[in-house]
Amino acid sequence: MTKHLSEAERRAQILRAARSVFIEDGFLVARVSDVAKRAGLSKGAVYFYFPSKKELFLALVHEEHENTHAFIDEAERDNRLAHIKLLDLGQRYLQYFAGLKTPPKFFLMMTEQAVRDETIREEVQAVHQRFLDAVTGIIAQGVAEGTFRPLDPSVVAQMLKAMIDGFAGEAAIGVRPDATGLTTDGINLILNGILAPPMDPPTESA
Numbered sequence: 000m001t002k003h004l005s006e007a008e009r010r011a012q013i014l015r016a017a018r019s020v021f022i023e024d025g026f027l028v029a030r031v032s033d034v035a036k037r038a039g040l041s042k043g044a045v046y047f048y049f050p051s052k053k054e055l056f057l058a059l060v061h062e063e064h065e066n067t068h069a070f071i072d073e074a075e076r077d078n079r080l081a082h083i084k085l086l087d088l089g090q091r092y093l094q095y096f097a098g099l100k101t102p103p104k105f106f107l108m109m110t111e112q113a114v115r116d117e118t119i120r121e122e123v124q125a126v127h128q129r130f131l132d133a134v135t136g137i138i139a140q141g142v143a144e145g146t147f148r149p150l151d152p153s154v155v156a157q158m159l160k161a162m163i164d165g166f167a168g169e170a171a172i173g174v175r176p177d178a179t180g181l182t183t184d185g186i187n188l189i190l191n192g193i194l195a196p197p198m199d200p201p202t203e204s205a
């Protein structure tokens, strides 16, 4: 007999099964019936919560970025100076990828499927833009404060996003980022590239 679960618990159960099936079989080969079997449910029960295989996949895309969205939301509410906010955000991402118990293989699958499917691509691009907008705002704040060089905030944000995606891709194939080294020397390297040089003390007139 199927155990009674709340709607949220049942959705989570189905999504866990779908993630495993998609990773093992690939999106194109995987079937809703395979997901149902993995979850110990009927196919109709899966369709009750998710009308299609694509809806299942899109729900997993949302789930994949739930934690990182929380990092961005916190950064945008943070009232500290920009360089402190940026340092904290970078550390959170690095610690997240370094601390995962299993490689985030769905990250690579999500990117691969976005190449093939316009709806999924638009969803992934929206998540990508969410990060860029937040980090662009932090960089612009730092430029206005005078702590960052007068760089184009959107360009710096794109570079940082590419680095984050690179770490995620490495983690997906089992290459764990060196969280200690990257949060010290790695972040120092980035900050030294965008921090404004210190002002020379004024000299006394003769």
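Residue numbers are given in numbering that gives the first Met the number 0: position 98 of the sequence shown equals residue 97, and the series is strictly consecutive. For every residue, glycine included, the Cβ atom is placed at its ideal position computed from N, Cα and C.
Discussion item. Within a Cβ cutoff of 7 Å, which residues of the same chain sit near A170, ignoring the five residues on either side of it in sequence?
Written reply: Answer for A170: F96, L99, P102, P103, P176, listed in chain order.
Worksheet item: Is it right to say R76 is buried, meaning 16 or more other beta carbons lie within 10 angstroms of its own, or is it exposed?
Response: exposed
Worksheet item: From A11 to V142, what does the alpha carbon distance come to, in whole angstroms?
Response: 42 Å
Worksheet item: According to the neighbour-count rule (16 or more other Cβ atoms, all chains shown, within 10 Å of its Cβ), is G89 buried or exposed?
Response: buried
Practice prompt. Find the nearest neighbour of E65 within the set E111, H127, D33, K84, judged by alpha-carbon distance.
Written response: H127
Practice prompt. State the CB to CB distance for the pair R37 and A16, rounded to an integer number of angstroms; the pair is presumed to be in contact (CB under 8 Å).
Written response: 4 Å
Item to complete: State the DSSP-derived secondary structure class of F96, mapped to helix, strand or coil.
Response: helix
Worksheet item: If you run the structure through DSSP and keep just helix, strand and coil, what is L107?
Response: Note: L107 maps to helix in three-state DSSP.
Worksheet item: Using 8 Å as the Cβ pair cut-off and three pairs as the minimum, do the segment 140–156 and the segment 52–60 touch?
Response: no
Item to complete: Could you tell me if F47 is buried or exposed, where buried requires 16 or more neighbouring beta carbons within 10 angstroms of its beta carbon?
Response: exposed
Worksheet item: If you drop the 5 nearest sequence neighbours on each side, which residues of the same chain put their C-beta closer than 7 Å to that of Q140?
Response: A81
Discussion item. For a test of the three-state rule: what should DSSP assign to L40, helix, strand or coil?
Written reply: coil
Worksheet item: If you draw a straight line from the alpha carbon of D72 to that of Y92, how long is it in whole angstroms?
Response: 13 Å
Worksheet item: To the nearest whole angstrom, what separates the beta carbons of V60 and V123, a pair I think is in contact under 8 Å?
Response: A Cβ-Cβ distance of about 6 Å is found for the pair V60 and V123, placing them in contact under the 8 Å criterion.
Discussion item. Which residue wins for smallest C-alpha separation from L181, given the options G173, F166, L194?
Written reply: F166
Worksheet item: Smallest Cα separation from G173: which of L107, A133, P197, G185?
Response: L107
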